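Visitor:
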Amino acid sequence: MNHSLPFLFFFYLVLFLTQDFPALSRRFSPSQHNLTLYGDAFFRDHTISLTQQQPCFPSVSPSPPNCSSSGIGRALYVYPIKFVERSTNTTASFSCRFSFSIIASPSCPFGDGFAFLITSNADSFAFSNGFLGLPDPKLDPHGSFIAVEFDTGFDPGHGDINDNHVGIDVNSIFSVASVDAISKGVDLKSGREMMAWIEYSDALKLIRVWVGYSRVKPKSPVLSAQIDLTGKVKEYMHVGFSASNSAGSALHIVERWKFRTFSSHPDPIQEDDDDWLVCFEKPRKIYHKGFDVRVSVVGLRIPFWTLLPGLAAIAVLTAFIAFSLIRGKKRIGEGGDTNSGLNRIPGRLSLAEIKTATSGFNENTIVGQGASATVYRGCIPTIGSVAVKRFDRAHWPECNRNPFTTEFTTMTGYLRHKNLVQFQGWCSEGTETALVFEYLPNGSLSEFLHKKPSSDSSEEFLVLSWKQRVNIILGVASALTYLHEECERQIIHRDVKTCNIMLDAEFNAKLGDFGLAEVYEHSAKLAGRDATLPAGTMGYLAPEYVYTGVPTEKTDVYSFGVVVLEVCTGRRPVGDDGIVLVDLMWSLWEKGKVLDGADVMLKEEFDAEEMERVLMVGMVCSHPDCEKRPRVKEAVRIIRGEAPLPVLPARRPLLRIRSATEAEEMIADSLSGEDVPWMTPKSYF
1 MNHSLPFLFF FYLVLFLTQD FPALSRRFSP SQHNLTLYGD AFFRDHTISL
51 TQQQPCFPSV SPSPPNCSSS GIGRALYVYP IKFVERSTNT TASFSCRFSF
101 SIIASPSCPF GDGFAFLITS NADSFAFSNG FLGLPDPKLD PHGSFIAVEF
151 DTGFDPGHGD INDNHVGIDV NSIFSVASVD AISKGVDLKS GREMMAWIEY
201 SDALKLIRVW VGYSRVKPKS PVLSAQIDLT GKVKEYMHVG FSASNSAGSA
251 LHIVERWKFR TFSSHPDPIQ EDDDDWLVCF EKPRKIYHKG FDVRVSVVGL
301 RIPFWTLLPG LAAIAVLTAF IAFSLIRGKK RIGEGGDTNS GLNRIPGRLS
351 LAEIKTATSG FNENTIVGQG ASATVYRGCI PTIGSVAVKR FDRAHWPECN
401 RNPFTTEFTT MTGYLRHKNL VQFQGWCSEG TETALVFEYL PNGSLSEFLH
451 KKPSSDSSEE FLVLSWKQRV NIILGVASAL TYLHEECERQ IIHRDVKTCN
501 IMLDAEFNAK LGDFGLAEVY EHSAKLAGRD ATLPAGTMGY LAPEYVYTGV
551 PTEKTDVYSF GVVVLEVCTG RRPVGDDGIV LVDLMWSLWE KGKVLDGADV
601 MLKEEFDAEE MERVLMVGMV CSHPDCEKRP RVKEAVRIIR GEAPLPVLPA
651 RRPLLRIRSA TEAEEMIADS LSGEDVPWMT PKSYF
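Using UniProt numbering, the first residue of the sequence shown is number 1, and each one after it goes up by one.
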């Protein structure tokens with residue numbers, strides 16, 4: 001690679017709002033960051049911090065020394081959302097998911113906490129301690145709000161049960177229901193990133209809240225309450241978050257966020273609905289042309305009795321806005337505070353925790369082994385079942401890179417997608433390095449495709465159905481499309497193969513192992529990419545990559561094509577008899593017998609037309625000429641029957657690779673290609 005890969009890349013908040021409520025049909029894409037920030041809220045390393053760190057001061061002090069800070073902050077979606085359909089007097093159900101962390105200042109007590117807020121009045125604030133910046137019914141008696149609070153302050157006068165609880169508030173700071181967070185296995189004060197899910201069903205008149213450290217929704221909610229919101233919400237409400245510090249000092253950080261409303265009887269949520277966990281657009285777009293384009297920053301509307309004399313108030317407000325704008329522009333140039341991002345990556349685990357999880361790296365817990373690492377199954381109480389990838393430093397020189405660092409920086413920087421193995425923790429202690437991932441009970445796709453039934457084994461033998469295989473192919477395609485086209489930078493996996501495709505309990509595909517990944521700017525030309533030593537597995541490597549050593553999107557497409565053929569045929573890319581799968585399929589194609597390549601284990605239980613279509617996709621993706629290969633997204637459209645079948649020649653085309661000198665010129669787009677010499681090596685390895 002010709003550029004240095006930063007050690008960590010971080011995500012910023014995405015608001016993906018879709019409306020399924022009968023009277024509305026508007027949809028908001030992840031690129032529309034239409035947020036309004038109030039008070040102390042500010043953008044921080046691609047997230048939103050609702051509050052600012054402030055100097056600690058005695059609780060008996062009448063006011064904090066930092067008078068320019070209100071201690072209260074909000075972030076609300078700029079447009080009000082419809083919650084009541086007047087024609088039927090129906091109240092919307094809603095669901096919400098977001099990640100958050102609460103980080104106290106050193107040697108300071110925690111602040112009040114923060115809350116997910118739905119309010120009729122975006123400008124109504126309570127300035128009393130412990131109110132989390134929620135609306136004050138005394139100041140706005142006709143307003144209404146619903147909040148789920150994550151409270152880190154203890155105020156018996158507000159009915160708090162302790163200083164670490166989750167509560168549900170309806171038009172009052174006094175919670176209608178609350179629960180001790182510690183008793184549910186989560187610590188709001190841990191500083192770790194947590195996930196929260198909030199759902200209201202109007203049909204059941206029920207609000208439920210889930211909280212956990214994993215991105216997998218826990219089976220049981222930490223809190224549920226029977227509440228009828230009919231009459232308690234206005235037709236239009238504002239949605240977002242609110243927080244306050246009072247006498248404490250903490251950052252209340254919100255990162256990924258999704259919210260939607262729907263009718264009492266919603267259609268089942270589709271799998272694609274989980275695409276809110278995606279690579280987001282470049283952070284600087286938030287600040288494009290200043291805050292007035294997509295984000296507005298406003299001061300708090302403070303009651304008259306709390307205001308300073310008029311001129312002083314105007315001066316403070318002007319200074320606050322000017323400081324925010326300058327700080328936003330400065331952050332663009334400096335790239336933000338990298339160290340603070342460490343609070344939002346998966347948590348660091350001690351070697352003792354890793355050893356306990358794997359019974360001391362017991363051989364009986366090994367579930368996989370590669371050239372540079374061994375994978376163990378384990379259990380970590382705060383996460384659950386995990387796969388621990390323990391790296392072997394002795395093999396690092398063989399691959400001319402540090403695979404731990406490569407995979408760590410790639411996973412923490414970009415990868416949040418339903419078809420990618422999720423990164424959940426890491427360890428680097430002494431000579432030991434390990435990465436912790438979600439455990440996928442069905443193992444690798446390779447095991448299912450190539451495991452043969454044994455006559456002397458009583459173990460149940462499972463064959464993947466054709467429907468499952470197509471779903472797996474589409475899952476891998478979704479992951480690759482994400483890596484190639486949807487991330488801030490393009491990621492070339494370089495090792496797409498069935499051994500690196502894991503299957504969850506429902507046999508959904510998840511692509512893993514990013515130890516060989518390369519990352520490039522989308523705008524970078526191929527001429528700017530340095531040649532590397534070809535890495536990967538024979539049979540999956542594109543011919544031009546073996547020859548030039550330059551990884552591209554099309555080299556991943558070739559590997560994907562081989563995977564497609566492998567899934568359809570049940571054959572390895574290079575069989576024990578030395579036959580290359582791609583060669584075999586072209587041989588069958590030339591004879592007009594391509595369906596003869598279908599896996600015999602399927603016993604012809606498949607749609608012949610669909611099988612032929614998918615096989616043709618595998619062949620065109622593994623075409624010898626990289627220019628003939630489609631993008632993965634285009635291949636998916638063909639598989640789904642949304643695009644015409646690819647045009648394949650009657651006979652296998654010759655493999656054409658340019659000479660090294662000419663290849664460099666070709667990459668630089670300086671040759672037309674008409675009179676360039678070609679070589680035609682065989683594809684047998």
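C-beta atoms are modelled at their ideal positions from N, C-alpha and C, and glycine is treated no differently.
These figures come from a predicted structure and were not determined experimentally.
Among 217, 580 and 434, which has the Cα closest to the Cα of residue 96?
Guide: Taking the sequence shown and counting its residues from 1, the one referred to as residue 96 is at position 96. With distances taken between Cα atoms, residue 96 lies closest to 217.
Visitor: Rounded to whole angstroms, what is the Cα-Cα separation between residue 613 and residue 577?
Guide: Numbered from its first residue, the sequence shown carries residue 613 at position 613. Numbered from its first residue, the sequence shown carries residue 577 at position 577. Taking the straight line joining both Cα atoms gives about 27 Å.
Visitor: For residue 549, which of helix, strand or coil comes out of DSSP?
Guide: As a first step, residue 549 is located in the sequence shown; it is residue number 549 there, counting from the start. Taken through DSSP and simplified to helix, strand or coil, residue 549 comes out as coil.
Visitor: Could you check what DSSP says for residue 503 in three-state terms: helix, strand or coil?
Guide: Translated into positions along the sequence shown, residue 503 becomes position 503. Three-state result, residue 503: strand.
Visitor: Taking the alpha-carbon positions, what's the residue 219 to residue 263 distance?
Guide: Along the sequence shown, read from residue 1 onward, the residue named residue 219 stands at position 219. Along the sequence shown, read from residue 1 onward, the residue named residue 263 stands at position 263. Roughly 24 Å separates the two Cα atoms.
Visitor: Here's the rule I'm using: 16 or more other beta-carbon atoms within 10 Å means buried, otherwise exposed. How should residue 503 be labelled?
Guide: Looking up residue 503 in the sequence shown gives position 503. The residue in question, residue 503, is buried, as its Cβ has 16 or more Cβ neighbours within 10 Å.
Visitor: Given a threshold of 16 other Cβ atoms within 10 Å of its Cβ, counted over all protein chains shown, does residue 465 qualify as buried or as exposed?
Guide: Within the sequence shown, numbered from 1, the residue matching residue 465 stands at position 465. Answer is exposed; the Cβ neighbour count stays below 16.
Visitor: How would you write the range of the alpha helix (DSSP H) that residue 52 sits in, first residue to last?
Guide: The sequence position of residue 52 within the sequence shown is 52, counting from 1. Counting along the chain, residue 52 falls outside any alpha helix (DSSP H), and DSSP gives it neither H nor E.
Visitor: Among 41, 562, 649 and 371, which has the Cα closest to the Cα of residue 473?
Guide: As a position in the sequence shown, residue 473 is number 473, starting the count at 1. Closest by alpha carbon: 562.
Visitor: Tell me, to the nearest whole angstrom, how far the beta carbon of residue 110 is from that of residue 243; I am working on the premise that it is less than 8 Å.
Guide: Your numbering for residue 110 matches position 110 in the sequence shown. Your numbering for residue 243 matches position 243 in the sequence shown. Between residue 243 and residue 110 the Cβ distance is about 11 Å, and since that is not below 8 Å, they are no contact.
Visitor: Under the three-state reduction of DSSP, which class applies to residue 638: helix, strand or coil?
Guide: Here residue 638 refers to the residue found at position 638 when the sequence shown is read from its first residue. Of the three classes helix, strand and coil, the one that applies to residue 638 here is helix, per DSSP.
Visitor: Around the C-beta of residue 195, are 16 or more other C-beta atoms found within 10 angstroms, so that it is buried, or is it exposed?
Guide: Reading the sequence shown from its first residue, position 195 is the one you call residue 195. Buried.
Visitor: With a CB to CB cut of under 8 Å and the five nearest residues on each side skipped, what residues in its chain are close to residue 419?
Guide: Taking the sequence shown and counting its residues from 1, one reaches residue 419 at position 419. Only 475, 476, 478, 479, 482, 508, 509, 510 and 511 meet the Cβ criterion.
Visitor: Please give me, in chain order, every unbroken run of the alpha helix (DSSP H) with length at least 4 that falls completely inside the segment 364 to 451.
Guide: 403 to 413 and 445 to 450
Visitor: I want to know whether the segment 38 to 58 touches the segment 79 to 90 - three or more CB-CB distances under 8 Å.
Guide: no
Visitor: With residue 575 as the anchor, note down where its beta strand (DSSP E) starts and where it stops.
Guide: Position 575 of the sequence shown, counted from the first residue, corresponds to residue 575. In the DSSP assignment, residue 575 falls outside any beta strand (DSSP E), carrying neither H nor E.
Visitor: Determine the contact status of residue 139 and residue 147, defining contact as a CB-CB distance below 8 Å.
Guide: Mapped onto the sequence shown, residue 139 falls at position 139. Mapped onto the sequence shown, residue 147 falls at position 147. In this structure, residue 147 does not lie closer than 8 Å to residue 139 by Cβ.
Visitor: What does the Cβ neighbour count give for residue 364, buried or exposed, with the cut at 16 atoms within 10 Å?
Guide: One-based indexing of the sequence shown puts residue 364 at position 364. The residue is exposed, with fewer than 16 neighbouring Cβ atoms inside 10 Å.
Visitor: Please report the straight-line C-alpha distance between residue 568 and residue 471, rounded to a whole angstrom.
Guide: As a working mapping, residue 568 is identified with position 568 in the sequence shown. As a working mapping, residue 471 is identified with position 471 in the sequence shown. Roughly 12 Å between the two C-alpha positions.
Visitor: Residue 639: buried (16+ other C-beta within 10 angstroms of its C-beta) or exposed?
Guide: Within the sequence shown, the letter at position 639 stands for residue 639. Burial check for residue 639: the Cβ neighbour count within 10 Å reaches 16 or more, so the residue is buried.
Visitor: Quick check: the Cα distance between residue 258 and residue 94, rounded to an integer number of angstroms?
Guide: For the purposes of this step, residue 258 is identified with residue 258 of the sequence shown, where counting begins at 1. For the purposes of this step, residue 94 is identified with residue 94 of the sequence shown, where counting begins at 1. Spanning the two alpha carbons is a distance of roughly 11 Å.
Visitor: By DSSP, does residue 236 sit in helix, in strand, or in coil?
Guide: As a working mapping, residue 236 is identified with position 236 in the sequence shown. Note: residue 236 maps to strand in three-state DSSP.
Visitor: Assuming residue 118 contacts residue 168 (C-beta within less than 8 Å), just tell me the rounded distance between them.
Guide: To locate residue 118, count along the sequence shown from 1; it is residue 118. To locate residue 168, count along the sequence shown from 1; it is residue 168. Wrong, their Cβ atoms sit about 12 Å apart, outside the cutoff.
Visitor: Cα separation between residue 163 and residue 189?
Guide: Numbered from its first residue, the sequence shown carries residue 163 at position 163. Numbered from its first residue, the sequence shown carries residue 189 at position 189. C-alpha separation (whole angstroms): 9 Å.
Visitor: Rounded to whole angstroms, what is the Cα-Cα separation between residue 185 and residue 558?
Guide: Counting from one through the sequence shown, the residue named residue 185 turns up at place 185. Counting from one through the sequence shown, the residue named residue 558 turns up at place 558. When rounded, the distance between both Cα atoms is 45 Å.
Visitor: Quick check on residue 303: buried or exposed, where buried means 16 or more other Cβ atoms within 10 Å of its Cβ?
Guide: Residue mapping note: residue 303 aligns to position 303 of the sequence shown, counting from 1. Because the pLDDT at residue 303 is just 42, under 50, the model does not fix this residue reliably, and the value given afterwards should be weighed accordingly. Exposed, because fewer than 16 other Cβ atoms sit within 10 Å of the Cβ of residue 303.
Visitor: Could you tell me the distance, in whole angstroms, from the CA atom of residue 187 to the CA atom of residue 181?
Guide: Numbered from its first residue, the sequence shown carries residue 187 at position 187. Numbered from its first residue, the sequence shown carries residue 181 at position 181. Using only the alpha carbons, I get a separation of about 6 Å.
Visitor: Taking residue 649 as the reference, give the member of 625, 431, 637 and 643 with the closest Cα.
Guide: Position 649 of the sequence shown holds residue 649. Out of 625, 431, 637 and 643, 625 has the C-alpha closest to the C-alpha of residue 649.
Visitor: Quick check: the Cα distance between residue 501 and residue 442, rounded to an integer number of angstroms?
Guide: For the purposes of this step, residue 501 is taken as the residue at position 501 of the sequence shown. For the purposes of this step, residue 442 is taken as the residue at position 442 of the sequence shown. Looking at the two C-alpha atoms, the distance is approximately 11 Å.
Visitor: Candidates 485, 376 and 240: which alpha carbon is nearest residue 695's?
Guide: No information on residue 695 is available, as it lies outside the stretch 1 to 685 that the chain covers here.
Visitor: I'd like to check one pair, residue 347 with residue 697: are the Cβ atoms closer than 8 Å?
Guide: Coverage of the chain is limited to positions 1 through 685, which leaves residue 697 absent and any answer about it impossible.
Visitor: Given this structure, state the Cα-to-Cα distance separating residue 591 from residue 431, to the nearest angstrom.
Guide: To locate residue 591, count along the sequence shown from 1; it is residue 591. To locate residue 431, count along the sequence shown from 1; it is residue 431. Going by the C-alpha atoms only, they are around 56 Å apart.
Visitor: Return the residue from the list 112, 404, 549 and 76 that minimises the CA-CA distance to residue 53.
Guide: As a first step, residue 53 is located in the sequence shown; it is residue number 53 there, counting from the start. Comparing Cα positions, the closest option is 112.
Visitor: Quick one: grab the DSSP three-state call for residue 212.
Guide: Reading the sequence shown from its first residue, position 212 is the one you call residue 212. Note: residue 212 maps to strand in three-state DSSP.
Visitor: How should residue 156 be labelled, buried or exposed, when 16 other C-beta atoms within 10 angstroms of its C-beta is the threshold for buried?
Guide: For the purposes of this step, residue 156 is taken as residue 156 along the sequence shown, with counting starting at 1. By the 10 Å Cβ count, residue 156 comes out exposed.
Visitor: Is residue 592 helix, strand or coil when you go by DSSP?
Guide: Along the sequence shown, read from residue 1 onward, the residue named residue 592 stands at position 592. The three-state secondary structure of residue 592, taken from DSSP, is coil.
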